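Chemist: Residue numbers (our numbering): 200 to 616.
Quick one: the structure is below, and I'll ask about it shortly.
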Amino acid sequence: MEKNTEIRKVEKCRICESKNLHKFLDLGSMPIPNGFLKQESLNIKEKKYPLACFFCNSCGFVQLTHVVNPKIMFTNYVYIPSGARVMMNNFSNLANQVSKKLKNIKKSLVVDIGSNDGSLLKFFKSYNAKVLGIDPAKNLAKIATKNGIPTEALLFNEKNAKKIVKKWGKATAITATNVIAHIDDLHEVFKSVDLMLDDEGIFVTEFPYLLDLVEKNQFDTIYHEHLSYFSLKPWNLLVEKFGFEIIGVRRLLIHGGSIRIMHKRKNGKKTTKNKTLEYLISLEEDRGLYKIKTYENFAKRLEKIKTELKNLLYKIKKDKKKIIGHGAPAKGNVLMHYFDIGKETLDYIVDSTPYKQGLFTPEKHVPIYSDEKLKTDEADYSLILAWNFSDEIMSKHRGFKKRGGKFIIPIPEVKII
Ligand code: JHZ
Ligand code: ZN
Numbered sequence: 200m201e202k203n204t205e206i207r208k209v210e211k212c213r214i215c216e217s218k219n220l221h222k223f224l225d226l227g228s229m230p231i232p233n234g235f236l237k238q239e240s241l242n243i244k245e246k247k248y249p250l251a252c253f254f255c256n257s258c259g260f261v262q263l264t265h266v267v268n269p270k271i272m273f274t275n276y277v278y279i280p281s282g283a284r285v286m287m288n289n290f291s292n293l294a295n296q297v298s299k300k301l302k303n304i305k306k307s308l309v310v311d312i313g314s315n316d317g318s319l320l321k322f323f324k325s326y327n328a329k330v331l332g333i334d335p336a337k338n339l340a341k342i343a344t345k346n347g348i349p350t351e352a353l354l355f356n357e358k359n360a361k362k363i364v365k366k367w368g369k370a371t372a373i374t375a376t377n378v379i380a381h382i383d384d385l386h387e388v389f390k391s392v393d394l395m396l397d398d399e400g401i402f403v404t405e406f407p408y409l410l411d412l413v414e415k416n417q418f419d420t421i422y423h424e425h426l427s428y429f430s431l432k433p434w435n436l437l438v439e440k441f442g443f444e445i446i447g448v449r450r451l452l453i454h455g456g457s458i459r460i461m462h463k464r465k466n467g468k469k470t471t472k473n474k475t476l477e478y479l480i481s482l483e484e485d486r487g488l489y490k491i492k493t494y495e496n497f498a499k500r501l502e503k504i505k506t507e508l509k510n511l512l513y514k515i516k517k518d519k520k521k522i523i524g525h526g527a528p529a530k531g532n533v534l535m536h537y538f539d540i541g542k543e544t545l546d547y548i549v550d551s552t553p554y555k556q557g558l559f560t561p562e563k564h565v566p567i568y569s570d571e572k573l574k575t576d577e578a579d580y581s582l583i584l585a586w587n588f589s590d591e592i593m594s595k596h597r598g599f600k601k602r603g604g605k606f607i608i609p610i611p612e613v614k615i616i
């Protein structure tokens, strides 16, 4: 994308380049969902960007219709994973799995793309690997470096990949969790990995799985940062196109359902068949992931959830009860936008991320406080916007429940606990 362009419309599939794209969901225009606001900015008009999805009729890849310039979204980033126990367990497990694959981790360079505050690399460091983070968020790169995880504040692209190899040498392992979906040029991702990885190196990535998104109605994970909604069939096309092969796939519970994929170079050899990969691709086909009808039904189900949730919240408010929100994830802002839920319904939101506390949600301007607030406040209901961490949140807030408080979980279906 040109440096000064704010947004570009997707004209051809970002994997197979087909122009045969079908729009199946339109969430309307909204501000970028991590665009949390300070009190003094509340009266400045927020920029809104379209949010809608294409299905590629040719390769089955699901992607956004528009790409917002990454500089707008990622230069100052408020999301950090380290507040969630589930995330840390997942990172520890990933580092363990990779360390077993590497012949000599102590002599290896592990590079993490989209390294955020360095929380994944910390686990690799405990195996004595040499580590390097790459992340365009200057605020986070500074924190990570200070905490002993050297981090280059750069976007991941070919130009920067060359720079990094020159300075740090080639990597034995490259990890990329919850970041590939944020990158527009998928071909460049593989070209850059190719530049940075040594001959026998492995490339590991994790992202939310489209099959889970569709079957569990996770429409709120569709937002400007996530340009791609991957399933294995189109992903494998991309992998093979750049001379790599999948050597392992694992489904994970994280973020409502994700997949972890390990790759290495084919090095001219014939692709070795991976049974799990074959099984999952046939499962995707069986479940209709490559039929447009599946996506049309998905869009219809959202309308049903919207009506149910709105009716429930309306009834609670009519009974003069107080509702607050739990978690201020980006996805919460999408849910509030599409379902049109704001300050009239939620008095405030509590979130454990220090950077978000004191700020207001984009568009709906709901104030965010720390968890402490709920300890002394008499709220009756809590709408869990970070539904992927429902268990962790409910166990942290047993006191709220004891006082008679009730939790509402909106996704995959409206549920009161
Ligand atoms: P969380 C993130 O999306 C960001 P988001 C990113 N765009 C991505 O790709 C996806 O993940 C996969 C809070 N919380 O992780 C912390 C509590 O308050 O679901 C977070 O603000 N109490 C990179 O933003 C939010 O909830 C708790 O006990 O949609 C969760 O955000 C816990 C566990 C979390 O992601
Ligand atoms: Zn395609």
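Idealized CB from N, CA, C, for every residue including glycine.
These numbers were taken from a predicted model, which means no experiment stands behind them.
Could you give the distance in angstroms between the alpha-carbon of F402 and the alpha-carbon of T374?
Modeler: Computed Cα separation, rounded: 6 Å.
Chemist: Does the Cβ-Cβ distance between S481 and E405 come in under 8 Å?
Modeler: Not in contact: S481 and E405 (Cβ atoms no closer than 8 Å).
Chemist: What is the DSSP secondary structure of H454, counted as helix, strand or coil?
Modeler: Helix at H454.
Chemist: Counting Cβ pairs, one atom from each stretch, are 3 or more of them under 8 Å apart for the region 468-483 and the region 235-244?
Modeler: No, they do not touch.
Chemist: Is it buried or exposed for T506, if we count other Cβ within 10 angstroms and need 16 for buried?
Modeler: Counting Cβ neighbours within 10 Å, T506 comes out exposed, since fewer than 16 surround it.
Chemist: Assuming L396 is part of the beta strand (DSSP E), what are its boundary residues?
Modeler: L396 -> beta strand (DSSP E) spans 396-407.
Chemist: How is the beta strand (DSSP E) around T420 delimited, first residue to last?
Modeler: Premise fails: T420 is in no beta strand (DSSP E) and is neither H nor E.
Chemist: Return the CA-CA distance between N308 and L320, expressed in angstroms with no decimal places.
Modeler: The amino acid occupying residue 308 in the given sequence is Leu; Asn does not appear at that position. Rounded to the nearest angstrom, the two C-alpha atoms are 11 Å apart.
Chemist: Can you say whether T575 is buried or exposed, counting buried as having 16 or more other CB atoms within 10 angstroms of its CB?
Modeler: Counting Cβ neighbours within 10 Å, T575 comes out exposed, since fewer than 16 surround it.
Chemist: What residues are listed by DSSP as bridge partners for C255?
Modeler: Per DSSP, L220.
Chemist: Whole angstroms are fine: how far does the CA of P528 sit from the CA of Y568?
Modeler: Distance between the alpha carbons of Y568 and P528 is about 13 Å.
Chemist: In chain order, which alpha helix (DSSP H) runs of at least 4 residues are fully inside the region 549-605?
Modeler: With a minimum length of 4 residues, the continuous alpha helix (DSSP H) runs that stay inside the region 549-605 are 571-575, 589-595, 597-601.
Chemist: Pull up the distance between the alpha-carbon of F599 and that of K605, whole angstroms please.
Modeler: Spanning the two alpha carbons is a distance of roughly 8 Å.
Chemist: What are the partner residues of F622, as DSSP defines its beta bridges?
Modeler: Because the chain spans 200 through 616 in this model, residue 622 falls outside it and cannot be assessed.
Chemist: Out of M229, C215, M200, which one is the CA nearest neighbour of K530?
Modeler: Cα-wise, what sits closest to K530 is M229.
Chemist: Is F260 near ligand 2, with its Cβ less than 7 Å from a heavy atom?
Modeler: Result yes, Cβ under 7 Å from ligand 2.
Chemist: Where does H221 land, buried or exposed, given buried means 16+ other C-beta within 10 angstroms?
Modeler: H221 is exposed by the Cβ-count criterion.
Chemist: Identify whether K469 lies in helix, strand or coil by the three-state DSSP scheme.
Modeler: Looking at K469 - three-state DSSP - the assignment turns out to be coil, as it is neither helix nor strand.
Chemist: Three-state secondary structure (DSSP) at A370?
Modeler: The answer is strand: DSSP assigns A370 an E or B state.
Chemist: Is A380 helix, strand or coil by DSSP?
Modeler: Note: A380 maps to helix in three-state DSSP.
Chemist: How is the alpha helix (DSSP H) around G531 delimited, first residue to last?
Modeler: That run of the alpha helix (DSSP H) goes 529-537.
Chemist: Please determine whether the Cβ atom of H425 lies at a distance below 7 Å from any heavy atom of ligand 1.
Modeler: Indeed, a heavy atom of ligand 1 lies less than 7 Å from the Cβ.
Chemist: If contact is defined by three or more beta carbon pairs under 8 Å, each pair taking one atom from either stretch, is the region 386-403 in contact with the region 444-461?
Modeler: The region 444-461 is in contact with the region 386-403.
Chemist: Is S257 near ligand 2, with its Cβ less than 7 Å from a heavy atom?
Modeler: At least one heavy atom of ligand 2 is nearer than 7 Å to the Cβ of S257, so yes.
Chemist: State buried or exposed for S240, treating a residue as buried only when at least 16 other CB atoms are found within 10 Å of its CB.
Modeler: Exposed.
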